[in-house]
Amino acid sequence: MDYKSKRAASSRARSRKIDPVSLEILWSRLIAISEEQAAMVLRTAFSSIVRESYDFTCVLLTPSGDLLAQPFQSLPGFTRCASTVMKHFLSRWPDWHPDDVAMTNDPWLAAGHLNDVAIAVPVFHRGKIVAFSANIAHQADIGGRGYSADGASIFEEGLALPPMKLYKAGKVVPEVLQILAENVRLPDQVLGDIQAQVGAARLGARRVSELLDEAGLDNLDEIAAEVLSRSESAMRSALRRVRDGVYTNVGIMDGFDEPLTIALKLTIKGDKLEFDFTGTSLQINKGINSCYNYTYGYAAFAAKAVLEPLIPNNEGAYRPITLKVPEGTLLNSTRPAPGNSRGRVGHMIVPVVFGALAKALPDVVPAESGSPAPRVNFFGNREDGSAFQCMLITSGGLGAGRDRDGLAGKSFPTNTKMASLEIMESQSPIRFLRRDLVCDSGGAGRHRGGLAQEIVAKVLGRKSVYVSTSSERIKNPPRGYRGGLHGAGALLSRNNGEYLAPKGRTLLKAGDIVTVRTPGGGGFGPPQSRDKAALEQDVRQGYVSKASADKAYAKVRTRKERA
Numbered sequence: 002m003d004y005k006s007k008r009a010a011s012s013r014a015r016s017r018k019i020d021p022v023s024l025e026i027l028w029s030r031l032i033a034i035s036e037e038q039a040a041m042v043l044r045t046a047f048s049s050i051v052r053e054s055y056d057f058t059c060v061l062l063t064p065s066g067d068l069l070a071q072p073f074q075s076l077p078g079f080t081r082c083a084s085t086v087m088k089h090f091l092s093r094w095p096d097w098h099p100d101d102v103a104m105t106n107d108p109w110l111a112a113g114h115l116n117d118v119a120i121a122v123p124v125f126h127r128g129k130i131v132a133f134s135a136n137i138a139h140q141a142d143i144g145g146r147g148y149s150a151d152g153a154s155i156f157e158e159g160l161a162l163p164p165m166k167l168y169k170a171g172k173v174v175p176e177v178l179q180i181l182a183e184n185v186r187l188p189d190q191v192l193g194d195i196q197a198q199v200g201a202a203r204l205g206a207r208r209v210s211e212l213l214d215e216a217g218l219d220n221l222d223e224i225a226a227e228v229l230s231r232s233e234s235a236m237r238s239a240l241r242r243v244r245d246g247v248y249t250n251v252g253i254m255d256g257f258d259e260p261l262t263i264a265l266k267l268t269i270k271g272d273k274l275e276f277d278f279t280g281t282s283l284q285i286n287k288g289i290n291s292c293y294n295y296t297y298g299y300a301a302f303a304a305k306a307v308l309e310p311l312i313p314n315n316e317g318a319y320r321p322i323t324l325k326v327p328e329g330t331l332l333n334s335t336r337p338a339p340g341n342s343r344g345r346v347g348h349m350i351v352p353v354v355f356g357a358l359a360k361a362l363p364d365v366v367p368a369e370s371g372s373p374a375p376r377v378n379f380f381g382n383r384e385d386g387s388a389f390q391c392m393l394i395t396s397g398g399l400g401a402g403r404d405r406d407g408l409a410g411k412s413f414p415t416n417t418k419m420a421s422l423e424i425m426e427s428q429s430p431i432r433f434l435r436r437d438l439v440c441d442s443g444g445a446g447r448h449r450g451g452l453a454q455e456i457v458a459k460v461l462g463r464k465s466v467y468v469s470t471s472s473e474r475i476k477n478p479p480r481g482y483r484g485g486l487h488g489a490g491a492l493l494s495r496n497n498g499e500y501l502a503p504k505g506r507t508l509l510k511a512g513d514i515v516t517v518r519t520p521g522g523g524g525f526g527p528p529q530s531r532d533k534a535a536l537e538q539d540v541r542q543g544y545v546s547k548a549s550a551d552k553a554y555a556k557v558r559t560r561k562e563r564a
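Under the numbering used here, the sequence shown is numbered contiguously, ending at residue 564.
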């Protein structure tokens, strides 16, 4: 037998059975590849929303489109949506060229709104597809009304791109880029970010092929099957540890003209979990509706975060979970429902799921966090006439848990973050006057909810600009658990107290000042049981006022006095 035959036989033998040590090494390498993709996007992206705020994710998928690997920092909604959109690509194109690049921003196929563009490339090794390398990123602009919640239909929200090939056999389709450039306010940023996505996806494909060469493997089949199986097994074991039953919860959102309801019946039976959102409000003609795949992503994430947070986040972890949600509702919108700010609804799914699971696992689930936090988008023209956009991705306080206080100003459940104020000031006629933690905003409890933050911004120059707002938790603040008090609600205002529409577009004049306050996290446990030393430290640090300490935390005793 010649050398090539011996190597092929060895490769087949190794693909049939991979020892645990090799599996761990190869799996870690796949994670490292997805991390390298993400690093490339961060270093080559043009827009601050991708480069600074991390509003994107990179993944590796199996040849059938199942989610296999992702970076450590990844958006829960995007990771699941990447698998969904890949399966739509495969249904359209069963055959691929090694240098093809597919793309779409269809909300019902991809990540729920038009700003999120999905990119995928095939991974070929020894002439066969062995994986797909994909990513999804939020574009700085996609045309239409701009990023806002006030569109009455999808047609007002921007340019829709059905599944199409951006590159065919390595040759770019220039008309696709021309259509994009003609329909967005910031063509340099949008086209630059898309090319960063393409470069990262191609890098991932190249690294997977190199890994297979180095390991002497023909494909990833055995690695993928083992990793997905282990995640599935761990998730099913976690479900079996929970008492069988039906657990319900209702979340109330501020809505527009009237409150909106997210109703959940969560059923655990053996090693299976079913979400049933029957009873949820119907979709509305404003841009906060969520699509099925985006809803699934956040519902499944919430269950995994409570039940088995440390296992790899891949298709195997989702297999025990099913979702039932009627069409035409807030969580399963149908065309042409608008959904530009669907994150306000998507992020609300998590506390609703947490609240249902808290009835089965009362000491595991934390109080509600200050999410959905406001999204505030300043946009218009600079003094020289060029377009700008300045997006504030704010974060509220985390809910307190059984054994800890909530953290202040932390993004949850998404992993995005607000770009540095200096970066945003350098790119827009906006000056940030203040960014502070808000005293007394964390819900009182044995463990205190995380503090909210307040951001104050001023319009510079002589031109008027627009601000689009998408806010929740103004009328329905985050709830405390197990006797803990609610966190403080969100607040939006203009010019020291004037009304600013929580979901809408407002024209700002030069010199106008906008104040944005995020929600605080809910408290956990009765306030009277808080440790006196901890409360005194809160007062010293300015987290709790003396008046609140005397009122909300009345009868607090030292540990020695409680003993």
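Ideal Cβ placement from N, Cα and C applies to all residues, glycine included.
A quick note: this is a predicted structure, and the numbers were derived from the prediction, not measured.
Does the ligand NAD have even one heavy atom less than 6 angstroms from the beta-carbon of residue i?
{"i": "residue 121", "result": "With respect to the ligand NAD, the structure offers nothing, as it holds no ligand at all."}
Does the distance from the CB of residue i to the CB of residue j come in under 7 angstroms?
{"i": "residue 194", "j": "residue 361", "result": "no"}
{"i": "residue 39", "j": "residue 82", "result": "no"}
{"i": "residue 450", "j": "residue 407", "result": "yes"}
{"i": "residue 104", "j": "residue 120", "result": "yes"}
{"i": "residue 474", "j": "residue 490", "result": "yes"}
{"i": "residue 289", "j": "residue 477", "result": "no"}
{"i": "residue 259", "j": "residue 68", "result": "no"}
{"i": "residue 485", "j": "residue 359", "result": "no"}
{"i": "residue 100", "j": "residue 197", "result": "no"}
{"i": "residue 401", "j": "residue 446", "result": "yes"}
{"i": "residue 126", "j": "residue 213", "result": "yes"}
{"i": "residue 526", "j": "residue 488", "result": "no"}
I need the straight-line Cα distance from residue i to residue j, nearest angstrom please.
{"i": "residue 393", "j": "residue 184", "result": "23 angstroms"}
{"i": "residue 420", "j": "residue 456", "result": "13 angstroms"}
{"i": "residue 89", "j": "residue 174", "result": "20 angstroms"}
{"i": "residue 21", "j": "residue 399", "result": "38 angstroms"}
{"i": "residue 85", "j": "residue 134", "result": "14 angstroms"}
{"i": "residue 498", "j": "residue 438", "result": "19 angstroms"}
{"i": "residue 56", "j": "residue 29", "result": "24 angstroms"}
{"i": "residue 117", "j": "residue 142", "result": "10 angstroms"}
{"i": "residue 465", "j": "residue 356", "result": "43 angstroms"}
{"i": "residue 470", "j": "residue 537", "result": "37 angstroms"}
{"i": "residue 351", "j": "residue 303", "result": "5 angstroms"}
{"i": "residue 92", "j": "residue 65", "result": "10 angstroms"}
{"i": "residue 523", "j": "residue 529", "result": "15 angstroms"}
{"i": "residue 544", "j": "residue 139", "result": "34 angstroms"}
{"i": "residue 266", "j": "residue 247", "result": "7 angstroms"}
{"i": "residue 305", "j": "residue 78", "result": "13 angstroms"}
{"i": "residue 436", "j": "residue 494", "result": "15 angstroms"}
Would you mind reading off the limits of the alpha helix (DSSP H) that contains residue i?
{"i": "residue 32", "result": "21-45"}
{"i": "residue 89", "result": "77-93"}
{"i": "residue 191", "result": "188-216"}
{"i": "residue 351", "result": "344-359"}
{"i": "residue 425", "result": "422-428"}
{"i": "residue 237", "result": "222-241"}
{"i": "residue 180", "result": "175-184"}
For residue i, I'd like the list of residues in its chain whose CB is within less than 6 angstroms of its CB, leaving aside the five on either flank, ordered along the chain.
{"i": "residue 431", "result": "379, 391 and 458"}
{"i": "residue 412", "result": "396 and 418"}
{"i": "residue 110", "result": "86 and 89"}
Starting from residue i, trace the beta strand (DSSP E) both ways and give me its first and last residue.
{"i": "residue 495", "result": "492-495"}
{"i": "residue 381", "result": "376-382"}
{"i": "residue 533", "result": "First-last for residue 533: 533-542, but that is the alpha helix (DSSP H), not the beta strand (DSSP E)."}
{"i": "residue 296", "result": "Element bounds for residue 296: not the beta strand (DSSP E) but the alpha helix (DSSP H), 293-308."}
{"i": "residue 553", "result": "Note, residue 553: premise wrong, no beta strand (DSSP E); not H, not E."}
{"i": "residue 264", "result": "261-270"}
{"i": "residue 112", "result": "Counting along the chain, residue 112 falls outside any beta strand (DSSP E), and DSSP gives it neither H nor E."}
{"i": "residue 247", "result": "246-254"}
{"i": "residue 52", "result": "That residue, residue 52, is in no beta strand (DSSP E); its alpha helix (DSSP H) goes 49-52."}
Note down, in chain order, each residue of its chain lying with its Cβ closer than 7 angstroms to the Cβ of residue i, except the 5 sequence neighbours on either side.
{"i": "residue 156", "result": "337"}
{"i": "residue 189", "result": "47"}
{"i": "residue 201", "result": "38, 41, 42, 59 and 136"}
Residue i bridges to which residues according to DSSP?
{"i": "residue 134", "result": "61 and 122"}
{"i": "residue 518", "result": "455 and 492"}
{"i": "residue 102", "result": "168"}
{"i": "residue 507", "result": "468"}
{"i": "residue 500", "result": "494"}
Return the chain-ordered list of same chain residues with a C-beta closer than 8 angstroms to the C-beta of residue i, the five sequence neighbours on each side being excluded.
{"i": "residue 326", "result": "276, 277, 278, 279, 281, 293, 296, 332 and 333"}
{"i": "residue 382", "result": "388, 389, 464 and 466"}
{"i": "residue 245", "result": "269, 270 and 271"}
Is the shortest distance between the beta-carbon of residue i and the beta-carbons of chain B less than 7 angstroms?
{"i": "residue 248", "result": "Looking for chain B here will not work: only one protein chain is present."}
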